[in-house]
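A.B. asks:
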Amino acid sequence: MPDWQFLPGLAPYAETLAAMEARAEAIARGEAREAIWLLEHPPLYTAGTSARSEDLTDPDRFPVHDVGRGGQYTYHGPGQRVVYVMLDVGARGRDVRCFVRALENWVIAALAEFNVTGEIRPGRVGVWVQRPERSGPDGQPAEDKIAAIGVKLRRWVSFHGISINVEPDLSHFSGIVPCGIRDHGVTSLVDLGLPVTMNDLDLALQTTFERFFPEGGLRPDGVNPPNCAT
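Quick note: the sequence shown, position 203, residue 203 per the UniProt record's numbering, numbers continuous.
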């Protein structure tokens with residue numbers, strides 16, 4: 001199983017990215033085990049390969065890092081659990097769609113440990129929660145993003161990963177259009193009224209991991225046999 005590493009304090013972005021890429025290369029060469037890193041960053045924005053300049057609405061607010069992961073702009077900062085996922089997808093079936101679904105459902109399962117119902121929406125990357133106390137732009141209950149997902153594969157090894165909002169300053173998201181989605185908001189576990197700590201979330205992530213990522217394989221829906229047909 002992967003090595004789990006918990007990085008203390010606020011991990012500097014550029015140095016952490018370089019270390020992550022080096023670890024992914026070592027995994028691809030068969031010189032290191034798969035790894036899961038859990039950490040927090042200082043306040044910053046990252047731009048994925050699909051980022052649009054007009055979605056960076058306050059470019060001077062925080063440092064902006066151009067990165068090679070999929071997706072658009074996102075925010076990282078204190079109170080947000082960043083999970084860097086370095087797994088050998090080549091050895092786990094070589095199915096990128098199954099891999100991304102497994103990541104999504106892993107987050108949903110971890111949130112369910114706190115009785116939070118996370119959901120996936122077609123055309124909206126990430127994990128969402130309904131806010132029935134508010135109406136969305138279509139008149140239906142509003143939906144806010146609680147977790148973002150953006151990964152890259154190199155030589156079939158993944159890097160980058162997931163960010164889950166525990167208790168970040170949600171106003172920091174206002175300097176971007178998160179993931180290019182203008183009509184929906186952002187929330188966190190604490191914003192939902194749950195006194196969840198970072199350690200609580202870490203335990204939930206560890207507890208649910210093997211349901212979706214058994215040794216050497218993928219179970220994108222948490223069941224056997226794997227099913228990525230839909």
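We put the beta carbon where it would ideally sit given N, CA and C, even for glycine. All values derive from a computational prediction rather than experimental measurement.
Mind checking which residues open and close the alpha helix (DSSP H) that includes Thr207?
C.D. replies: One-based indexing of the sequence shown puts residue 207 at position 207. Element bounds for Thr207: Met198 to Phe212.
A.B. asks: Would you kindly report the start and end of the unbroken beta strand (DSSP E) that includes Val85?
C.D. replies: Within the sequence shown, the letter at position 85 stands for residue 85. Its beta strand (DSSP E) spans residues Gln80 to Met86.
A.B. asks: So, with DSSP's three-state summary, where would you put Ala47?
C.D. replies: Within the sequence shown, numbered from 1, the residue matching residue 47 stands at position 47. Strand at Ala47.
A.B. asks: Would you kindly check if the distance between the Cβ of Tyr45 and the Cβ of Val64 is under 7 Å?
C.D. replies: In the sequence shown, residue 64 corresponds to position 64, counting from 1. In the sequence shown, residue 45 corresponds to position 45, counting from 1. The Cβ atoms of Val64 and Tyr45 sit closer than 7 Å to each other.
A.B. asks: Determine the extent of the beta strand (DSSP E) in which Arg124 is found, giving its start and end residues.
C.D. replies: For this step, residue 124 is matched to residue 124 along the sequence shown. Arg124 to Ser135 is the extent of the beta strand (DSSP E) around Arg124.
A.B. asks: Mind checking who Tyr75 pairs with in its DSSP beta bridge?
C.D. replies: For this step, residue 75 is matched to residue 75 along the sequence shown. Partner(s): Tyr45.
A.B. asks: Can you tell me where the alpha helix (DSSP H) with Leu103 in it begins and where it stops?
C.D. replies: The residue labelled residue 103 in the question sits at position 103 within the sequence shown. Note, Leu103: alpha helix (DSSP H), Val96 to Ala112.
A.B. asks: How long is the line joining the alpha carbons of Asp95 and Leu218, rounded to whole angstroms?
C.D. replies: Taking the first residue of the sequence shown as 1, we reach residue 95 at position 95. Taking the first residue of the sequence shown as 1, we reach residue 218 at position 218. If you take the alpha carbons of Asp95 and Leu218, they lie about 9 Å apart.
A.B. asks: At the level of alpha carbons, what is the spacing between Glu104 and Glu113?
C.D. replies: Position 104 of the sequence shown, counted from the first residue, corresponds to residue 104. Position 113 of the sequence shown, counted from the first residue, corresponds to residue 113. Cα-Cα distance, rounded: 15 Å.
A.B. asks: Is Phe173 helix, strand or coil by DSSP?
C.D. replies: The residue given as residue 173 occupies position 173 in the sequence shown. It is helical.
A.B. asks: Would you kindly work out how many angstroms separate the C-alpha atoms of Asp169 and Arg61, rounded to a whole number?
C.D. replies: For the purposes of this step, residue 169 is identified with residue 169 of the sequence shown, where counting begins at 1. For the purposes of this step, residue 61 is identified with residue 61 of the sequence shown, where counting begins at 1. Straight-line Cα distance between these residues: approximately 14 Å.
A.B. asks: For the pair the segment 80 to 87 and the segment 124 to 138, tell me if three or more CB-CB distances fall below 8 Å.
C.D. replies: no
A.B. asks: Assuming the contact rule is C-beta atoms closer than 8 Å, Ala51 and Ala110 should be a hit. Round their C-beta distance to whole Å, please.
C.D. replies: Stepping through the sequence shown from its first residue, residue 51 is reached at position 51. Stepping through the sequence shown from its first residue, residue 110 is reached at position 110. In fact, because the Cβ distance is near 27 Å, the residues do not count as touching under 8 Å.
A.B. asks: Report the CB separation of Ile164 from Ala147 in whole angstroms; it is logged as a contact under 8 Å.
C.D. replies: The sequence position of residue 164 within the sequence shown is 164, counting from 1. The sequence position of residue 147 within the sequence shown is 147, counting from 1. Right, the Cβ-Cβ distance comes to about 5 Å (below 8 Å), so this counts as a contact.
A.B. asks: Tell me the rounded alpha-carbon separation between Ala35 and Pro132.
C.D. replies: Here residue 35 refers to the residue found at position 35 of the sequence shown. Here residue 132 refers to the residue found at position 132 of the sequence shown. One C-alpha to the other measures close to 38 Å.
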